[in-house]
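Engineer:
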Amino acid sequence: MEMINIMGIAVVSIIVLLIVWLIYEFRKDDKEYEEAVERIRKAKPLTGVAKEVFIGTYLAR
49 MEMINIMGIA VVSIIVLLIV WLIYEFRKDD KEYEEAVERI RKAKPLTGVA
99 KEVFIGTYLA R
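In our numbering, the protein residues as written are 49 to 109.
Right, dumping it as structure tokens:
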């Protein structure tokens with residue numbers, strides 16, 4: 049009976065750890081996204097060859 053309780057606690061601990069890790073990764077990604085948006089907002093508009101390279105790279109995805 050004790051073995052079942054220990055395994056249950058281990059499973060719950062792993063699930064809690066996974067949830068905490070997912071929240072951490074989401075917040076980190078959200079912060080990186082906000083920084084990228086800010087950099088794009090401050091950037092000068094692309095012209096000429098740089099614009100065509102960017103469009104080609106974007107369409108290649």
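Glycine is no exception: its CB is placed at the ideal position from the N, C-alpha and C atoms.
Bear in mind the structure is a predicted one, so any value in this text is a computation, not a measurement.
Work out the CA separation of V68 and S61 for me, nearest whole Å.
Structural biologist: Taking the first residue of the sequence shown as 1, we reach residue 61 at position 13. Taking the first residue of the sequence shown as 1, we reach residue 68 at position 20. Roughly 11 Å separates the two Cα atoms.
Engineer: By the three-class DSSP mapping on this structure, what secondary structure does T95 have?
Structural biologist: In the sequence shown, counting from the first residue as 1, residue 95 sits at position 47. T95 falls in the coil class under three-state DSSP.
Engineer: Can you tell me the Cα-Cα spacing of I54 and R89, whole angstroms?
Structural biologist: Your numbering for residue 54 matches position 6 in the sequence shown. Your numbering for residue 89 matches position 41 in the sequence shown. In this model, I54 and R89 are separated by some 52 Å (Cα to Cα).
Engineer: State the Cα-Cα distance for the pair V85 and I52, rounded to the nearest angstrom.
Structural biologist: Counting from 1 along the sequence shown, the entry for residue 85 is found at position 37. Counting from 1 along the sequence shown, the entry for residue 52 is found at position 4. Spanning the two alpha carbons is a distance of roughly 49 Å.
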